[in-house]
Amino acid sequence: MRLKLKLATTAAMALGLTAGMAVAEDVEVLHWWTAGGEAAALNVLKEDLAGKGIGWKDMPVAGGGGEAAMTALRARVTAGNPPTAVQMLGFDILDWANQGDVLANLDEAAAAEGWDAVIPAAIQKFAKPNGHWIAAPVNVHSTNWVWANKAVLDELGIAQPTTWDEFIAALQKVKDSGKVALAHGGQPWQEATIFDSAVLASGGPEFYQKAMIDLDPEALNSPEMVAAFDKMAQLRGFVDDNFSGRDWNLASAMVINGEAAFQIMGDWAKGEFLRAGKKPGTDFLCFRVPGTEGVVTFNSDEFVMFKQKDPAAQAAQMEMAKAVESPGFQSAFNIVKGSVPARTDVSDEGFDDCGKQGIKDLKAASEAGTLLGSMGHGHANPAAVKNAMYDVITAHFNGEYDSAQAAEELAAAVEGAQ
Amino acid sequence: MARSVRAPRDLRTVLQDILPKLVLSPSLAAMLVFVYGFIIYTVFLSFTNSKMLPSYDLIGLDNYVRLFGLSAWTTALINLAIFASLYITICIAIGLLLAIFLDQKIRGEGVLRPIYLYPMALSFIVTGTAWKWLLDPGIGLENTMHLWGWDSFKFGWIKDRNYAIYTLVIAAVWQSSGFVMAMFLAGLRGIDNEMLKAAQIDGASNWQLYRRIVIPLLRPAFLSAFVILAHLAIKSYDLVIALTGGGPGRATELPATFMYSYTFTRNQMGVGAASAVIMLMGVAAIMIPYIYAELKEQK
Amino acid sequence: MSGGAQDQAVRTGRIARTFIYVVLIYFALFYLLPLFIMAINSIKPLSEITGGNMMSLPAEPTLAPWKSAWSTAQIGVEATGLKPYFMNSILMVVPAVAISTIIGALNGYILTKWQFRGSNIIFGLMLFSCFIPFQIVLIPMARLLGLMGLAGTTWGLILVHVVYGIGFSTLYFRNYYAAFPTELVRAAMMDGAGFFRIFWRIMLPVSGPIAVVCIIWQFTNIWNDFLFGASFADLDSMPMTVALNNLVNSSTGVKEYNVHFAGAILAALPTLLVYIVAGRYFVRGLMAGSVKG
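Protein chains in written order, with the working numbering: chain A, 7 to 424; chain B, -1 to 297; chain C, 117 to 409.
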């Protein structure tokens, strides 16, 4: 069996290689990394492929964390004209994987490069859903980070908090000083990002798994969940009055300017700090949300490969998958993007302190089994459930429900969306 | 009309008879396929359990039952009622006022008119950020007034779930009231001045002149404005996405954003299709009497 | 075109006139405000925006954001700026507007001067089609474009815009031609003029004003469309609005507001130009046609 597989792979690879050399094929890539550094980072991949004689047809569609791109994708697939590779997140990938015969099979590239050994199991759940590799993971973002202005903390004599209660005390101290304690933007996904950490801090990783991923109705309407909503209400008290609708990067700017002390946001926020000329450790601090240490809630961008008819296109697609997983690209891309490589065996050289910690945390969490998909970013449950949760979380954060009601509504909303 | 001038039926006359229908037929065919065909398709989808992509498993009225069980849908309908009625009324009021004022032989009309009209040329993809800034109390108008020394000035509607819908009205009025002004101005310019003069000689005041004579004469302009505004109100999508994204919470959800989010981002295409059908029924309820009256009048 | 030759029937006193001017200027400021904010912030360095007041004038004006938005900003993996997409939009808009206007004119002509049994119902169907929410047509339209081999092409986009533009263009021309004396058409018919000859010689020469209205309307709608552009175009046919959206809506990138505003104004220039140049004919066109109902 093994031998047979190996033979088949080598044969396919030989075929792929010759085909790839014979004709310069194009890969068409649908993504929403459209501006600034992240688009430039993607250019690394384009150049890499160009060196192998593979052309790049770009198909960028930005907006709403990929929502517009997903609409465009549906139009493309319905038209019978799917792109070669599509940037996708979490449960969107599984939805497509269950859609029947539309995705390509990357097993041969995965076998040749040993993906199984180096990509964390929690991520394989999305990239290899039905026993076959269908996607090449690009990066891992983690969402349970706190970003803090060091000068503000020093001025107020606040040490880096290590427990939830210390965190609340620190927030209170900032609030008393007249500054904004927690910079936050009132958009559903930002509230959900914080909620990830609130659930972890009140119930721990097993509870998170049960409630957010397994969607156990009892866990959803449990005292722990009420406690999680209570934590949200606590945080709500440290947010300024104008939070509603604010973009996340404007919230980051408040921390950068010293107008606010803390922000809970994924690691993409780091880019804003670096771009403002701030240095990790001296100007700003990055640490896990107190009470969630040892756990990493992640979201992972992956290039999902759609089935191509033309063998030359298939070969180009396979080359692209390999290029995405090459340690060189993983490192180059993620240094720019602020995330960490999806492979755990990539050297942390060239990453800044926050990046280095992120790589270490990812590895540790993966080994300990506490690498958990982020609900806020569509890696814990399907889109319908996620959005139903968003509704309740946002409504609670805006004062529509008290915590007990919110837990009840959450269980009901999840049931309704399934 | 062609029938009324019927001559002996030679080949040419027959051709003349068929030609108009022939020229019209591609449009008709396109309309039947791309509009009515797709509407039927949507109605069909609303009875299926379509999720991410269309599916063909019929499930009866389930989607409609679910739709009306969703509080967000009720909110969206109420919001549309508030939004559309305010938007249409205010646009017509401002449009009429500006048109009447601009019709008083105003110096600089050539400069003012394009200023009033230009917002219609821009989509909210272009102006969305500017509006969001303006309305944001932290960086926008409120902040600026504070910096200028007016400390008690408050304008935080966009952050308040009870008032956010009104900020949508403000931006939407900004976009289309100038266009309505142009329609009324055109109507005013079409009114025979002699009639007004005669009325004035009879001792009518300016106010009476407008109330009794001018405004009734503008009826067609009112109707056209109403149709165009109603159509824009129902289709308002970019506006919501650019200004509030449906928030705070889901306080500014409109049927168009609801439908889009269920069809494309929540992967519940069946429910999305059901909401589209309800929307179309609403449009039909308003439009069919109008179209009927319009056609009847022409005869 | 103000007022025509004869003097106004309505007379206004000095105080009333002052009041009128104040109201008119106040509204002009309201309409200009968003554009003003976009313009002043597009010539500020980024640090001045994030650190300063939105309404303040730039301390150090710079044209760098404009250059960046036009030719060097990152839009997808290519750092091309908006320049290439501008051309894509032109190549799409011009034919789409021309075709839908011509079809609208022919339809309007037929529906008023060559009425036949059922022609009113056909007009009713077309009028109602103006109200279809575009979101519901995405999926079936994509399927049909795929079957026709037009997916991802400029011609596919043109087709979509023409199809959904026919309703309004027909409405405009029909209402305009309805006011045109049918006797003239009938007389020409008696003289043996055919269907196209009458259209060409009699109807078209008087269609100027309504054509302006129709072209402005179609141009604005098609130029500003995002939904169809994002769903049915690929890189070679991607219109300006999609590129602008890619520039300003990148989710986790750093937001360069000054470049965004410069790009937004660039994307709006053609429609602004159309409104300013053709604006004066616009009211005349509306006057001649559509508002007569």
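Note that CB positions come from ideal geometry on N, CA and C, so glycine has one too.
Could you pull the start and end residues of the alpha helix (DSSP H) that residue i belongs to?
{"i": "C/Ser216", "result": "199 to 229"}
{"i": "A/Asp32", "result": "Run containing A/Asp32: none in the alpha helix (DSSP H); it sits in the beta strand (DSSP E), 32 to 37."}
{"i": "A/Lys328", "result": "317 to 331"}
{"i": "A/Phe290", "result": "Note, A/Phe290: premise wrong, no alpha helix (DSSP H); beta strand (DSSP E) at 290 to 294."}
{"i": "A/Ala401", "result": "389 to 403"}
{"i": "B/Asn61", "result": "60 to 67"}
{"i": "A/Gln130", "result": "127 to 133"}
{"i": "A/Val186", "result": "Segment 186 to 188 is the beta strand (DSSP E) holding A/Val186; no alpha helix (DSSP H) there."}
{"i": "A/Asn87", "result": "Run containing A/Asn87: none; DSSP gives neither H nor E here."}
{"i": "A/Val232", "result": "229 to 242"}
Under a CB-based cut-off of 8 Å, is residue i close to chain A?
{"i": "C/Phe377", "result": "no"}
{"i": "B/Ser36", "result": "One detail in the question is off: residue 36 of chain B reads as Phe in this sequence, not Ser. Not one chain A Cβ lies under 8 Å of B/Phe36."}
{"i": "C/Tyr397", "result": "no"}
Quick one, which of the options has its alpha-carbon nearest residue i's?
{"i": "A/Glu299", "options": "A/Glu224, A/Pro388, A/Pro211, A/Glu119", "result": "A/Pro211"}
{"i": "C/Asp352", "options": "C/Phe342, C/Ile326, C/Phe315, C/Trp271", "result": "C/Trp271"}
{"i": "B/Ser48", "options": "B/Arg264, B/Leu230, B/Ala283", "result": "B/Arg264"}
{"i": "B/Thr223", "options": "B/Gln198, B/Phe45, B/Ile86", "result": "Checking the sequence shown, residue 223 of chain B turns out to be Ala, not Thr. Out of B/Gln198, B/Phe45, B/Ile86, B/Ile86 has the C-alpha closest to the C-alpha of B/Ala223."}
{"i": "A/Val186", "options": "A/Pro167, A/Leu241, A/Asn136", "result": "A/Leu241"}
{"i": "B/Pro112", "options": "C/Ala180, C/Trp333, C/Gly379, C/Ile392", "result": "C/Ile392"}
{"i": "A/Gly191", "options": "A/Pro317, A/Leu377, A/Glu224, A/Phe244", "result": "A/Phe244"}
{"i": "C/Val329", "options": "C/Gly401, C/Val213, C/Val276", "result": "C/Gly401"}
{"i": "A/Ala198", "options": "A/His383, A/Gly334, A/Ser409", "result": "A/His383"}
{"i": "A/His402", "options": "A/Gly334, A/Gln363, A/Ala321, A/Ile200", "result": "A/Ile200"}
{"i": "A/Leu36", "options": "A/Gln269, A/Val67, A/Leu55", "result": "A/Val67"}
{"i": "A/Ala233", "options": "A/Asp408, A/Thr40, A/Val261, A/Ile99", "result": "A/Asp408"}
Does any residue of chain B have a CB that is nearer than 8 Å to the CB of residue i?
{"i": "C/Phe348", "result": "no"}
{"i": "C/Thr387", "result": "yes"}
{"i": "C/Met403", "result": "yes"}
{"i": "A/Lys184", "result": "The identity of residue 184 of chain A in the sequence shown is Gly, whereas the question assumes Lys. It does not: the Cβ of A/Gly184 has no partner Cβ on chain B nearer than 8 Å."}
{"i": "C/Thr357", "result": "yes"}
{"i": "C/Trp182", "result": "no"}
{"i": "A/Met218", "result": "no"}
{"i": "A/Asp222", "result": "no"}
Can you give me the Cβ contacts of residue i inside the same chain, cut-off strictly under 6 Å, excluding the 5 residues immediately before and after it?
{"i": "A/Pro388", "result": "Phe97"}
{"i": "B/Phe220", "result": "none"}
{"i": "A/Asp358", "result": "Pro286"}
Against chain C, with Cβ distances strictly below 8 Å, would residue i count as a contact?
{"i": "B/Ser174", "result": "no"}
{"i": "A/Met65", "result": "yes"}
{"i": "A/Gly384", "result": "no"}
{"i": "A/Asn305", "result": "no"}
{"i": "A/Thr169", "result": "no"}
{"i": "B/Val269", "result": "no"}
{"i": "A/Trp62", "result": "yes"}
{"i": "B/Phe256", "result": "no"}
{"i": "A/Arg80", "result": "yes"}
{"i": "B/Phe45", "result": "no"}
Quick check on the DSSP output: the beta strand (DSSP E) that includes residue i runs from which residue to which?
{"i": "A/Ile270", "result": "266 to 270"}
{"i": "A/Gly379", "result": "377 to 379"}
Excluding the five sequence neighbours on either side, which residues of its own chain have a C-beta within less than 7 Å of the C-beta of residue i, listed in chain order?
{"i": "B/Val53", "result": "Contrary to the premise, residue 53 of chain B reads as Ser rather than Val in this sequence. Thr46, Asn47."}
{"i": "B/Leu207", "result": "Leu194, Ala197, Gln198"}
{"i": "B/Ala291", "result": "none"}
{"i": "A/Thr40", "result": "Pro66, Ala68"}
{"i": "B/Met118", "result": "Gln173, Ser174, Gly176, Phe177"}
Give me, in chain order, the residues of the same chain whose beta-carbon lies closer than 8 Å to that of residue i; leave out the 5 immediate sequence neighbours on both sides.
{"i": "A/Ala157", "result": "Gly264, Asp289"}
{"i": "C/Ala258", "result": "Ala267, Ser347, Phe348"}
Taking contact to mean at least 3 C-beta pairs separated by less than 8 Å, is the stretch 61 to 76 of chain A in contact with the stretch 234 to 253 of chain C? no
Pairs of beta-carbons, one from the stretch 17 to 26 of chain B and one from the stretch 258 to 274 of chain C, closer than 8 Å: are there three or more? no
Give a yes or no on contact between the stretch 384 to 392 of chain C and the stretch 297 to 306 of chain C, applying the rule of three or more CB pairs nearer than 8 Å. no
Taking contact to mean 3 or more Cβ pairs, one atom from each stretch, closer than 8 Å, check whether the stretch 311 to 318 of chain A and the stretch 83 to 94 of chain A are in contact. yes
Is there contact here, the stretch 388 to 397 of chain A with the stretch 417 to 424 of chain A, by at least three beta-carbon pairs under 8 Å? yes
Are there three or more Cβ pairs, one per stretch, closer than 8 Å when the stretch 230 to 248 of chain B is compared with the stretch 121 to 129 of chain B? yes
The stretch 236 to 246 of chain C in contact with the stretch 279 to 290 of chain B per 3-pair CB rule at 8 Å: yes
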